[in-house]
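Here's the structure, in structure tokens; my notes come after.
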Amino acid sequence: MGTFSATIRTWDTSITAVRMNQTQAMHDLLSAGLGWKSSGHCVDADRRTCTSLEDIRYGTLMQAIDLKRSSGCPIIVTGGTEKGHAGGYFSHRHGFKVDIAHNTCVDSFITKTYRFWKVRGDGADLYRPPPAPGLPSALDVYADEPTHWDILFR
């Protein structure tokens, strides 16, 4: 799974806050070679066991795709905008966060490429990418939770 054929090669940073519907988000995700997994085998944003992309921010999805491109790793989205996540403005429900499955490749990429920032209150190690010129990537946070990466894309 180290290579993929992406139909989305560039993205428009001026529309990062635009909300996507489930159909378009899933199309873009799968077209870029990312995977999707739901413990409930569903996409209903009102069910905790589903993995929904309804109302995800365009920028969040594109940054998840960029993570696959820059790492060369398989990326499986396991959490999106569905109920059951912590609240707050920069939250899953508001489209700023995704969960991705752990795997050796992505774990190594994040912990070796990004800088350790601090330990979150629940014990999760937090990592941040270096700031990119002209982009707010230094605001992104990768939380190493026991079963997945909880990623905030701002």
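Under my numbering, the first residue of the sequence shown carries the number 9, and numbering increases by one thereafter.
Note that the Cβ used here is the ideal one computed from N, Cα and C, for glycine as well.
Remember, predicted model here, so these are calculated numbers, not experimental data.
Using 8 Å as the threshold, is the C-beta distance between residue i and residue j below it?
i	j	result
His156	Gly87	yes
Thr68	Glu90	no
Met34	Tyr66	no
Leu37	Val114	no
Gln32	Glu62	no
List the residues that DSSP assigns as beta-bridge partners of residue i.
i	result
Leu160	Lys105, Val149
Gly43	Ile84
Val127	Asp133
Met28	Ile64
Buried or exposed for residue i, please, with buried defined as at least 16 other CB atoms from any protein chain shown within 10 angstroms of its CB.
i	result
Val26	exposed
Asp130	exposed
Phe161	buried
Cys50	exposed
Ala151	buried
Lys126	exposed
Leu147	exposed
Within a Cβ cutoff of 7 Å, which residues of the same chain sit near residue i, ignoring the five residues on either side of it in sequence?
i	result
Asp54	Lys91
Arg56	Glu90, Lys91, Gly92
Gly48	Arg55, Thr57, Cys58
Using a Cβ distance threshold of 8 Å, determine whether the region 122-141 contacts the region 95-108, with at least three qualifying pairs required.
No contact exists between the region 122-141 and the region 95-108.
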